[in-house]
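Asker: Residue numbers (our numbering), protein chains in the order written: chain A, 3 to 443; chain B, 3 to 443. Heads up, the beta-carbon is just placed ideally off N, CA and C, and yes, glycines get one too. These figures come from a predicted structure and were not determined experimentally.
2 protein chains.
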Amino acid sequence: MANKHRLVVVGGGFAGVALVQSLRKADIDITLIDRRNYHLFQPLLYQVATGGLSPANISAPLREVFRKQKNCRTLMGEVTEIDAVQKWVAMGDQKIPFDTLAIAAGATTSYFGNTAWEEHAVGLKTIEEATEIRSRVLWALERAEISQDPAEIQKLMTFVIVGGGPTGVEMAGAISELARYTLKGDFRAIDPTKVRIILIDGAERILSSFEPSSSQRALKCLSRMGVEVWSKGRVKQVEKELLHVDRQGNMEELPAGTIVWAAGVKGAALGAKVASATGAAIDKSGRIPILPDLTLPGYSEIFVIGDLASVALLKNSDEKKFVPGVAPAAIQMGQYVGKIIQCRLSGNREPAPFHYFDKGSMATIGRAAAVVEIPWPKLKFGGFLAWVAWLLVHVSFLVQFENRVLVLLQWAGNYFTRNRSALLITHPTELVDDPKGTPRH
Amino acid sequence: MANKHRLVVVGGGFAGVALVQSLRKADIDITLIDRRNYHLFQPLLYQVATGGLSPANISAPLREVFRKQKNCRTLMGEVTEIDAVQKWVAMGDQKIPFDTLAIAAGATTSYFGNTAWEEHAVGLKTIEEATEIRSRVLWALERAEISQDPAEIQKLMTFVIVGGGPTGVEMAGAISELARYTLKGDFRAIDPTKVRIILIDGAERILSSFEPSSSQRALKCLSRMGVEVWSKGRVKQVEKELLHVDRQGNMEELPAGTIVWAAGVKGAALGAKVASATGAAIDKSGRIPILPDLTLPGYSEIFVIGDLASVALLKNSDEKKFVPGVAPAAIQMGQYVGKIIQCRLSGNREPAPFHYFDKGSMATIGRAAAVVEIPWPKLKFGGFLAWVAWLLVHVSFLVQFENRVLVLLQWAGNYFTRNRSALLITHPTELVDDPKGTPRH
């Protein structure tokens, strides 16, 4: 056993889990390290943020995922140091040696250097952020119900989402449904159907990675749902419940009770440790440029996969493009590295450079509305059919890990009743003025 | 509308909700104030603490509960002041006038004056405490898996529950099931079926409010599940992961990775404000002694109901006994006050003094094990039948508020698979040594 090849995987997201799963029959010792004890299905975080699903519905405990894969042990904790020459990673005072290392630490929210904004505009990358948004959205309405100051009420009933990518579009649509349908009739002094929802995007059009016609479709759909879209809007400053926005040249002050930040991501902080241990570069979005076989330059036994990796797309066009930071790409990278490791162990020739197979893109806007683009056969569609496609893809992802029939049932129930069952304001100390008696968080 | 009778209810627990619901057809203006936006089904908190249910499964948003009851508005916030003479309660700078006031603020965990223990021994009265216990239990096992120090591992695999009432018994049983069945096979270095679970109780026997034979039954059941019961054990000091216990004269130091406090409750802090506003007394458990019609002495229009009230039981025996702090008693008090208010409004004679109707007591110990006692017809039973009775009573409670079919399905699933779906370690900053990168909580 001591002679077995030792693979250490850092990060239990899509890339790390796909890698470990692809080696389920390999005669090696795998150690999977994560700061969390669960794999998180990030594409559905916006559902937690708007009360449609509970955190546990979109999380699979890593130990459960790998219970039967006996060649894998899972450790929860933080990688504090990496030694690429002596080949170990440290968790505190414990060193874990490796023969092969795969870094799959993912990405975090980027405020483009404005770290002070983080407190006022919540990102959407973790369970805690999702429940924080949920609490802020609901708490804003609670305060509006009590308030007798019209300006205050108007501010509290304004919800701003910064960033018009799929996450921002999904959040805007979900907040609209929450306020306009789920909470309709729940208040006595305010009318939640009168909320103002503003989606701010710096680009010419939302969903800029999609075809223009899909952006149009999404825009029309959002307008129908009462969402204002501010294209070419640049957020200059974020304060507590206040944004300063450059709207095509005009500076505008926008008071808003809830601000969600979906404008950008950057590579995880672990990237810096990888760089200092190996001399690797880090690009301006915090990602690590790697070779076409996903290894670090100079270290053929260290791979970087998933959102932390910056990999050029192999395309005939001259334009330099990169593999996008999406779940299917992360999974494909994990599986590719699994294949390389198996080839090396068996002495077979290594596979050709990593090639990202683009299965298409989708974004959902609300109940029964979505846009789908499939590159081959070239196909674009929207509306109910796109929403069903979106639902099927996401549910099939979920059931990979566990029997998540309940999620499907809950969604089916939500769809017909427009009910959202997880509308809790938790950890309210930050919110309630006098937190005496509330728990210590 | 301005002339309608104004009822203000403080607290949306069992008592407050029952009171408001009993007045659903009354032509009055009701204001329900709570610090939370949901009604919490506290008897099932231990299921959240052990990952069997998600917080949303046992919480019903108050606005949803009262959506259709148009004579009731709900306000979320803290009552900061009470004026019993001018008849208003204040939430910050806002005064809410009342004609009738019902205080139903409930109870919190009591450390019997040792407030420093709170940090080390988590109570079980709120969602946050339940998820905190869940995180601590799972995080202790995670640390044990990594540790190479046998004493540390032994400590981390020791779970102590202080208090042998129904909550303590239920927690001990549920932790045992979690470790011995759900997590079996999940770890590589440690064996979670080898955990040590200790239930400490100061009395001669656990479940001391039950008949001795039920205590015996529960004891036998817990022993079978590997729970050590330390009766007549007195906790003298609680430090971080360490208890000092007086075990029938011998002082014992007990290191334990997780300590749960289920030893006592006291009336909510609002009781002090009620006392200073009305001159009411507060007994040593923080409860307010009230008259047989549940009003405060000298204030016939101020009621105290639920766990905050101290009401003498009307019994023929000489022994002075009190209405117990359980959900059925709270509900009966709420309904009783609803009846009084209706009598007063219609000019009818007020009902006879409050009489607590004891429907019986039940405690569940684990999967398919429980004890049930019904006073009339005098009946005591345990085992599977008792568990089914327990389940039916609890599920029927839940469905009162919402269509909680999913909870039933989830339980059915859990029962057959021994699965627990909500095993997340959330808000880990307190737990992980280097919380960099984790959310701000």
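Could you name the residues of the stretch 180–193 of chain A whose beta carbon sits closer than 8 angstroms to any beta carbon of chain B, in the order they occur along the chain?
Answerer: Here the close residues are L185, G187, D188, F189, R190, A191.
Asker: Could you work out which residues of chain A lie near Q96(B), taking near to mean beta carbons separated by less than 8 angstroms?
Answerer: Translated into the one-based positions of the second sequence, residue 96(B) becomes position 94. Ordered by position in chain A, the residues that pass the 8 angstroms Cβ test against Q96(B) are I148, Q150.
Asker: For the alpha helix (DSSP H) that contains M227(B), what are its first and last residues?
Answerer: The residue labelled residue 227(B) in the question sits at position 225 within the second sequence. Taken as a continuous stretch (DSSP letters only), M227(B) belongs to no alpha helix (DSSP H), as it is neither H nor E.
Asker: So, do the stretch 196–209 of chain B and the stretch 234–249 of chain B have three or more beta carbon pairs nearer to each other than 8 angstroms?
Answerer: These segments touch.
Asker: Looking at chain B, is there any beta carbon in it that lies within less than 8 angstroms of the beta carbon of V63(A)?
Answerer: Reading the first sequence from its first residue, position 61 is the one you call residue 63(A). It is Pro, not Val, that sits at residue 63(A) in the sequence shown. Yes, because at least one Cβ of chain B sits closer than 8 angstroms to the Cβ of P63(A).
Asker: For G228(A) versus S178(A), is the C-beta distance shorter than 8 angstroms?
Answerer: Within the first sequence, residue 228(A) is the residue found at index 226, counting from 1. Within the first sequence, residue 178(A) is the residue found at index 176, counting from 1. Contact flag set, yes.
Asker: Could you say which of F383(B), L46(B), K6(B), Q218(B) lies nearest to F399(B) if we only look at CA atoms?
Answerer: The residue labelled residue 399(B) in the question sits at position 397 within the second sequence. When each option's Cα is compared against that of F399(B), the closest is L46(B).
Asker: Strictly below 8 angstroms CB to CB, what residues from chain A border I261(B)?
Answerer: Here residue 261(B) is taken as the residue at index 259 of the second sequence, counted from 1. Neighbours of I261(B) on chain A: none; closest Cβ ~15 angstroms, over 8 angstroms.
Asker: Could you check whether the Cβ of Y48(A) sits closer than 8 angstroms to any Cβ belonging to chain B?
Answerer: Taking the first sequence and counting its residues from 1, one reaches residue 48(A) at position 46. Judged by the 8 angstroms Cβ criterion, Y48(A) is not in contact with chain B.
Asker: Compare the C-beta of T297(A) with all C-beta atoms of chain B and state if any pair is closer than 8 angstroms.
Answerer: On the first sequence, position 295 is the one that residue 297(A) refers to. By this cut-off, T297(A) is not an interface position.
Asker: Going by other Cβ atoms of all chains shown within 10 Å of its Cβ, with 16 needed for buried, is K438(A) buried or exposed?
Answerer: Taking the first residue of the first sequence as 1, we reach residue 438(A) at position 436. With a pLDDT of 36 at K438(A), under the threshold of 50, the modelled position of this residue cannot be trusted; read the value that follows with caution. Exposed, because fewer than 16 other Cβ atoms sit within 10 Å of the Cβ of K438(A).
Asker: Since A332(A) and G308(A) should fall inside the 8 angstroms C-beta cutoff, what is the C-beta to C-beta distance between them, to a whole number of angstroms?
Answerer: For the purposes of this step, residue 332(A) is taken as residue 330 along the first sequence, with counting starting at 1. For the purposes of this step, residue 308(A) is taken as residue 306 along the first sequence, with counting starting at 1. That belief holds up - the Cβ atoms of A332(A) and G308(A) are roughly 4 angstroms apart, short of 8 angstroms.
Asker: Under three-state DSSP, which class holds W1(A)?
Answerer: Absent from the structure is residue 1(A), since the part of chain A shown begins at 3 and ends at 443.
Asker: Pick out whichever of A391(B), L381(B), V313(B), G368(B) has its Cα sitting closest to the Cα of T358(B).
Answerer: What you label residue 358(B) is simply residue 356 of the second sequence in a count that begins at 1. According to the sequence provided, residue 358(B) is Tyr. The question's Thr does not apply to it. Selected option, being the one with the closest Cα: V313(B).
Asker: Under DSSP, the alpha helix (DSSP H) around M335(A) begins and ends at which residues?
Answerer: In the first sequence, counting from the first residue as 1, residue 335(A) sits at position 333. That run of the alpha helix (DSSP H) goes 329–348.
Asker: Going by DSSP, which residues form a beta bridge with K97(A)?
Answerer: By one-based count along the first sequence, residue 97(A) stands at place 95. BP columns for K97(A) point to A92(A).
Asker: C190(A) bridges to which residues according to DSSP?
Answerer: Position 188 of the first sequence, counted from the first residue, corresponds to residue 190(A). Before going on, a small fix: residue 190(A) reads as Arg here, not Cys. Answer is none; R190(A) lacks a bridge partner.
Asker: Cutting at 6 angstroms between CB atoms, please list the residues of its own chain near P152(A), excluding the five before and the five after it.
Answerer: Locating residue 152(A) in the first sequence gives position 150, where the first residue counts as 1. Contacts found: none.
Asker: How many Å lie between I135(A) and S225(A) at the Cα?
Answerer: Here residue 135(A) corresponds to residue number 133 of the first sequence, with the count starting at 1. Here residue 225(A) corresponds to residue number 223 of the first sequence, with the count starting at 1. Going by the C-alpha atoms only, they are around 23 angstroms apart.
Asker: In or out: V12(B) buried (at least 16 other Cβ within 10 Å) or exposed?
Answerer: The sequence position of residue 12(B) within the second sequence is 10, counting from 1. Buried, because 16 or more other Cβ atoms sit within 10 Å of the Cβ of V12(B).
Asker: At the 8 angstroms Cβ level, is P57(A) part of the contact set with chain B, yes or no?
Answerer: Position 55 of the first sequence, counted from the first residue, corresponds to residue 57(A). It does: the Cβ of P57(A) has a partner Cβ on chain B nearer than 8 angstroms.
Asker: With a threshold of 8 angstroms between beta-carbons, can T195(A) be considered close to chain B, or not?
Answerer: Here residue 195(A) refers to the residue found at position 193 of the first sequence. For T195(A), the answer is no, since every Cβ of chain B falls outside 8 angstroms of its Cβ.
Asker: Have a look at H122(B) and A388(B) and give me their C-alpha separation to the nearest angstrom.
Answerer: As a working mapping, residue 122(B) is identified with position 120 in the second sequence. As a working mapping, residue 388(B) is identified with position 386 in the second sequence. Each residue's alpha carbon lies about 34 angstroms from the other.
Asker: Going by other Cβ atoms of all chains shown within 10 Å of its Cβ, with 16 needed for buried, is M364(A) buried or exposed?
Answerer: By 1-based counting over the first sequence, the position of residue 364(A) is 362. The residue is buried, with at least 16 neighbouring Cβ atoms inside 10 Å.
Asker: What is the rounded straight-line gap between the Cα of P294(B) and the Cα of F356(B)?
Answerer: Translated into the one-based positions of the second sequence, residue 294(B) becomes position 292. Translated into the one-based positions of the second sequence, residue 356(B) becomes position 354. Taking the straight line joining both Cα atoms gives about 6 angstroms.
Asker: Using beta carbons (cut-off 8 angstroms, strictly below), is I292(A) in contact with chain B?
Answerer: As a working note, residue 292(A) is residue 290 in the first sequence. It does not: the Cβ of I292(A) has no partner Cβ on chain B nearer than 8 angstroms.
Asker: How should A274(B) be labelled, buried or exposed, when 16 other C-beta atoms within 10 angstroms of its C-beta is the threshold for buried?
Answerer: For the purposes of this step, residue 274(B) is identified with residue 272 of the second sequence, where counting begins at 1. Exposed, since its Cβ has fewer than 16 Cβ neighbours within 10 Å.
Asker: Could you tell me which chain A residues have their CB closer than 9 angstroms to the CB of L425(B), listed as they occur along the chain?
Answerer: Here the question's residue 425(B) lines up with position 423 in the second sequence. Ordered by position in chain A, the residues that pass the 9 angstroms Cβ test against L425(B) are N39, Y40, A58, S61, P63, R65, E66.
Asker: Should the stretch 185–196 of chain A be regarded as contacting the stretch 66–76 of chain A, the criterion being three or more beta carbon pairs within less than 8 angstroms?
Answerer: Output reads no: the stretch 66–76 of chain A does not touch the stretch 185–196 of chain A.
Asker: Ordered along the chain, which non-local residues of its own chain (more than five positions away) have a Cβ less than 7 angstroms from that of G108(B)?
Answerer: Here residue 108(B) is taken as the residue at index 106 of the second sequence, counted from 1. So the list reads G13, G15, A270, G308, D309, L310, once near-sequence residues are dropped.
Asker: Could you name the residues of the stretch 75–106 of chain B whose beta carbon sits closer than 9 angstroms to any beta carbon of chain A, in the order they occur along the chain?
Answerer: Of all residues in the stretch 75–106 of chain B, R75, T76, L77, M78, G79, E80, T82, M93, G94, Q96 have a Cβ within less than 9 angstroms of some Cβ in chain A.
Asker: In whole angstroms, give me the CA-to-CA distance for R369(B) and V197(B).
Answerer: On the second sequence, position 367 is the one that residue 369(B) refers to. On the second sequence, position 195 is the one that residue 197(B) refers to. Computed Cα separation, rounded: 18 angstroms.
Asker: Helix, strand or coil for Q448(B), going by three-state DSSP, please let me know.
Answerer: An answer regarding residue 448(B) cannot be provided, because it is not within the stretch 3 to 443 covered by chain B.
Asker: Does E154(B) have its Cβ less than 8 angstroms from a Cβ in chain A?
Answerer: What you label residue 154(B) is simply residue 152 of the second sequence in a count that begins at 1. E154(B) does not count as touching chain A.
Asker: Within the chosen definition, does the stretch 112–128 of chain A reach the stretch 19–38 of chain B through at least 3 CB pairs nearer than 8 angstroms?
Answerer: With a cut-off of 8 angstroms, the stretch 19–38 of chain B and the stretch 112–128 of chain A do not count as touching, because too few Cβ pairs lie within range.
Asker: Name the chain A residues that come within less than 7 angstroms of I30(B), Cβ to Cβ?
Answerer: Indexing the second sequence from 1 puts residue 30(B) at position 28. Per Cβ cutoff of 7 angstroms: no residues; I30(B) is ~14 angstroms from chain A at best.
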